[in-house]
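*Asks:* Protein chains in written order, with our numbering: chain A, 1023 to 1333; chain B, -7 to 132. Where a beta carbon is used, it is the ideal one built from N, C-alpha and C, also for glycine. The structure follows.
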């Protein structure tokens, strides 16, 4: 029991520290990119800003609904199956990949339910359109993941990392990586990393009763970002494998922040996408065909090698 | 696609450029050259008297009608400025008055922090307009 509590504490600590650093980097980079000074609310060049911002939200009246509770629960539950490092995983199981994806989809759906105020708007509102687009971006991701699963022959994230001790999967699956990365980026674009979240566009800090709920929503979006980057690292970039003399955990952190900063830069490069038709077109005319092609090629390779012994 | 790449490198380059904005009360920038602030009545450096003779041309050309001029006859029979009043709440800092002044008696200062709580305080009299305006470009 104590062992599990210790692990929970470590995971929680890693996530909170990461959340703080990412919020700080996000604010700082966003300001620098826009050629403005950025936040200097506190003395140490804004290092305390994320804390102050969270206090700003906490000090407001909050009126939370049941979905806020589920969002909070799922955003931490998502880490029960995903190993952050080799030992830092709550539940070790052979099917961690499908479980993690299920949690991810669940979190998106709960975020959607939270954003819609009435049952009517849940079905017909703009938010439902966004969520459907968001879920359709999972199709190329799933194709890419199946290709990886074919290569690694396992559904366990830990074993996928272990199978990359010699070469990273990005070498075998460059197309899969590109589609995975782009669809991930567009998903994050819809969720809103540095800008206001698309899903929670209606809720504004000026409105009444969104103090605590807003923080929980923001945390969940960050958790989705962390989760996506960690999954990308695990599937394609060797996870916590040592790079020469660099320890695996440090290598993972470096890769994590590199991708995070890259995503932020891309987020600022492209700007706000208002045309959903464009997103749909990118998805169905580029990402899905390319990922499907990648999947078919991978499948064809294994069929030719294992079934017909051609290669 | 090329445009996106170009944008990406602009964004990347911005990380290493200096920010364009400042946080106002803490940081200061030099006021741009020939920017227009509140009006200033010039003084004759020899006699230390106002150059303006109160002809009232400035109040005529003023599009906002914010200048009020009154003149009186001086001891030597020449016109002397009696009252010069500027309503800053109306002024649009167009600089018409400065351009039309035949005596070259008024100019635009660099003084621009003009916010007031009371509207009455925005009505500047002759004494206030004579005050040294910070002619040299100062910091914020």
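1) Which residues in chain B sit within 7 Å of residue 1291/A, going by Cβ to Cβ distance?
2) For residue 21/B and residue 1104/A, what's the separation of their Cα atoms in angstroms?
3) Given a threshold of 16 other Cβ atoms within 10 Å of its Cβ, counted over all protein chains shown, does residue 132/B qualify as buried or as exposed?
4) Output needed for residue 1194/A: all residues of its chain with C-beta closer than 7 Å, excluding positions within five of it in sequence on either side, in chain order.
5) Report buried or exposed for residue 1222/A, applying the criterion of at least 16 other Cβ atoms within 10 angstroms of its Cβ.
6) Would you say residue 1210/A lies against chain B (beta-carbon separation less than 9 Å)?
7) Which same chain residues end up closer than 7 Å to residue 1191/A when comparing Cβ atoms and leaving out the 5 residues on each side of it in sequence?
8) Tell whether a beta-carbon distance below 9 Å holds between residue 79/B and residue 46/B.
9) Is the beta carbon of residue 1037/A closer than 9 Å to that of residue 1248/A?
10) Using CA coordinates, which residue listed in 1081/A, 1135/A, 1120/A is at the minimum distance from residue 1154/A?
11) Apart from the five residues just before and just after residue 1316/A, which ones in its own chain have a Cβ nearer than 8 Å to its Cβ?
12) Check the DSSP bridge columns for residue 76/B and list the partner residues they point to.
13) Can the beta-carbon of residue 1251/A be found closer than 9 Å to that of residue 1129/A?
14) Does the segment 1073 to 1087 of chain A come within contact of the segment 1109 to 1129 of chain A, defined as at least 3 CB pairs closer than 8 Å?
15) Tell me whether the beta-carbon of residue 1048/A lies closer than 9 Å to the beta-carbon of residue 11/B.
16) Does DSSP put residue 1295/A in a helix, in a strand, or in coil?
17) According to DSSP, simplified to helix, strand and coil, what is residue 1269/A?
18) Under a three-way DSSP split, which group does residue 33/B fall into?
19) Within 8 Å, do at least three Cβ pairs link the segment 1039 to 1054 of chain A to the segment 1281 to 1292 of chain A?
20) Closest by CA to residue 1090/A, which one among 1241/A, 1286/A, 1303/A, 1266/A?
21) Just curious, the alpha helix (DSSP H) that residue 98/B is in, first and last residue?
22) At the level of alpha carbons, what is the spacing between residue 1109/A and residue 1186/A?
23) If the cut-off is 9 Å on Cβ atoms, which residues from the segment 1042 to 1055 of chain A count as contacting chain B, listed in chain order?
24) Do residue 1041/A and residue 1266/A have their beta-carbon atoms positioned less than 9 Å apart in this structure?
25) Evaluate residue 1303/A with the Cβ neighbour count: other Cβ atoms within 10 Å of its Cβ, from every protein chain shown; 16 or more gives buried, anything less gives exposed.
26) 9 Å is my cut-off, CB to CB: does residue 1309/A come that close to chain B?
27) Rounded to whole angstroms, how far is the Cβ of residue 1162/A from the Cβ of residue 1310/A, which I believe are closer than 8 Å?
28) Counting only C-beta atoms, is residue 1073/A closer than 9 Å to chain B at any point?
29) Tell me the DSSP secondary structure of residue 115/B in three-state form.
30) So that I know if they touch, is there some Cβ in chain A lying closer than 9 Å to that of residue 22/B?
31) In this structure, how does DSSP classify residue 1084/A when only helix, strand and coil are distinguished?
32) Just the C-alpha distance for residue 1117/A and residue 1102/A, rounded to the nearest angstrom, thanks.
33) Check the Cβ of residue 1057/A against every Cβ in chain B and list those closer than 9 Å, keeping chain order.
34) Is it right to say residue 1326/A is buried, meaning 16 or more other beta carbons lie within 10 angstroms of its own, or is it exposed?
35) Identify which residue in 1178/A, 1268/A, 1097/A has its Cα closest to the Cα of residue 1115/A.
36) Between the Cα of residue 1111/A and those of 1150/A, 1043/A, 1324/A, 1033/A, spot the shortest distance and give me the residue it belongs to.
*Replies:* Answer, in terms of the structure:
1) The count along the first chain starts at 1 and reaches residue 1291/A at position 269. Chain B residues near residue 1291/A: -4, -1, 0, 3.
2) Position 29 of the second chain holds residue 21/B. Position 82 of the first chain holds residue 1104/A. Computed Cα separation, rounded: 51 Å.
3) Taking the first residue of the second chain as position 1, residue 132/B is located at position 140. Residue placement at residue 132/B cannot be trusted, given a pLDDT of 47 that sits under 50; what the coordinates show is reported in the next sentence. Exposed: under 16 other Cβ atoms inside 10 Å.
4) Here residue 1194/A refers to the residue found at position 172 when the first chain is read from its first residue. Its chain contains 1173 as the residues whose beta carbon lies nearer than 7 Å to that of residue 1194/A, once the 5 sequence neighbours on both sides are disregarded; these appear in chain order.
5) Walking along the first chain from the start, residue 1222/A turns up at place 200. Below a pLDDT of 50, predicted positions are generally treated as unreliable, and residue 1222/A, at 48, falls in that range; the measurement from the model is reported next regardless. Label assigned to residue 1222/A: buried.
6) For the purposes of this step, residue 1210/A is taken as residue 188 along the first chain, with counting starting at 1. Residue 1210/A does not count as touching chain B.
7) Within the first chain, residue 1191/A is the residue found at index 169, counting from 1. Only 1170, 1173, 1257, 1258 meet the Cβ criterion.
8) In the second chain, the residue the question calls residue 79/B occupies position 87. In the second chain, the residue the question calls residue 46/B occupies position 54. In this structure, residue 46/B does not lie closer than 9 Å to residue 79/B by Cβ.
9) Locating residue 1248/A in the first chain gives position 226, counting from the first residue. Locating residue 1037/A in the first chain gives position 15, counting from the first residue. Yes; because the gap between Cβ atoms is below 9 Å, this pair is in contact.
10) To locate residue 1154/A, count along the first chain from 1; it is residue 132. Restricting attention to 1081/A, 1135/A, 1120/A, the CA atom closest to the CA of residue 1154/A is found in 1135/A.
11) Walking along the first chain from the start, residue 1316/A turns up at place 294. Cβ contact annotation for residue 1316/A (same chain, cutoff 8 Å, sequence separation greater than five): 1165, 1166, 1169, 1195, 1197, 1198, 1201, in chain order.
12) Mapped onto the second chain, residue 76/B falls at position 84. Partner(s): 61/B.
13) In the first chain, counting from the first residue as 1, residue 1251/A sits at position 229. In the first chain, counting from the first residue as 1, residue 1129/A sits at position 107. With contacts defined as CB atoms closer than 9 Å, residue 1251/A and residue 1129/A fail to qualify as a contacting pair.
14) Flag = no, the segment 1073 to 1087 of chain A and the segment 1109 to 1129 of chain A do not touch.
15) Indexing the first chain from 1 puts residue 1048/A at position 26. Indexing the second chain from 1 puts residue 11/B at position 19. In this structure, residue 1048/A sits away from residue 11/B, with a CB-CB distance that is not shorter than 9 Å.
16) For the purposes of this step, residue 1295/A is taken as the residue at position 273 of the first chain. If DSSP states are grouped into helix, strand and coil, residue 1295/A belongs with coil.
17) Indexing the first chain from 1 puts residue 1269/A at position 247. Three-state DSSP puts residue 1269/A in coil, outside helix and strand.
18) Translated into positions along the second chain, residue 33/B becomes position 41. Strand.
19) Put simply, the segment 1281 to 1292 of chain A touches the segment 1039 to 1054 of chain A. At least three CB pairs are less than 8 Å apart.
20) Taking the first residue of the first chain as position 1, residue 1090/A is located at position 68. Proximity to residue 1090/A across 1241/A, 1286/A, 1303/A, 1266/A peaks at 1241/A, based on C-alpha coordinates.
21) Within the second chain, numbered from 1, the residue matching residue 98/B stands at position 106. Here residue 98/B belongs to no alpha helix (DSSP H); instead the beta strand (DSSP E) covers 98 to 100.
22) As a first step, residue 1109/A is located in the first chain; it is residue number 87 there, counting from the start. As a first step, residue 1186/A is located in the first chain; it is residue number 164 there, counting from the start. Residue 1109/A and residue 1186/A have their C-alpha atoms some 17 Å from each other.
23) Close to chain B, meaning a Cβ-Cβ distance shorter than 9 Å, are the following residues of the segment 1042 to 1055 of chain A: 1051, 1053, 1054, 1055.
24) Position 244 of the first chain, counted from the start, is the residue given in the question as residue 1266/A. Position 19 of the first chain, counted from the start, is the residue given in the question as residue 1041/A. No. Outside cutoff.
25) Taking the first residue of the first chain as 1, we reach residue 1303/A at position 281. Looking at its Cβ environment, which holds fewer than 16 other Cβ atoms inside 10 Å, residue 1303/A is exposed.
26) Along the first chain, read from residue 1 onward, the residue named residue 1309/A stands at position 287. Taking Cβ atoms only, chain B never reaches closer than 9 Å to residue 1309/A, which makes this a no.
27) Walking along the first chain from the start, residue 1162/A turns up at place 140. Walking along the first chain from the start, residue 1310/A turns up at place 288. That belief holds up - the Cβ atoms of residue 1162/A and residue 1310/A are roughly 5 Å apart, short of 8 Å.
28) To locate residue 1073/A, count along the first chain from 1; it is residue 51. By this cut-off, residue 1073/A is not an interface position.
29) Within the second chain, the letter at position 123 stands for residue 115/B. DSSP places residue 115/B in strand when its eight states are reduced to three.
30) Against the second chain, residue 22/B aligns to sequence position 30. Taking a beta-carbon distance threshold of 9 Å, residue 22/B does not count as an interface residue toward chain A.
31) To locate residue 1084/A, count along the first chain from 1; it is residue 62. Strand, per DSSP.
32) Taking the first residue of the first chain as 1, we reach residue 1117/A at position 95. Taking the first residue of the first chain as 1, we reach residue 1102/A at position 80. C-alpha separation (whole angstroms): 12 Å.
33) Working through the first chain from its first residue, we reach residue 1057/A at position 35. Neighbourhood of residue 1057/A in chain B, by CB distance below 9 Å: 6, 9, 10, 11, 12, 13, in chain order.
34) Indexing the first chain from 1 puts residue 1326/A at position 304. Per the 10 Å Cβ criterion, exposed.
35) Taking the first chain and counting its residues from 1, one reaches residue 1115/A at position 93. Restricting attention to 1178/A, 1268/A, 1097/A, the CA atom closest to the CA of residue 1115/A is found in 1178/A.
36) On the first chain, position 89 is the one that residue 1111/A refers to. Residue 1111/A has its Cα closest to that of 1033/A, out of 1150/A, 1043/A, 1324/A, 1033/A.
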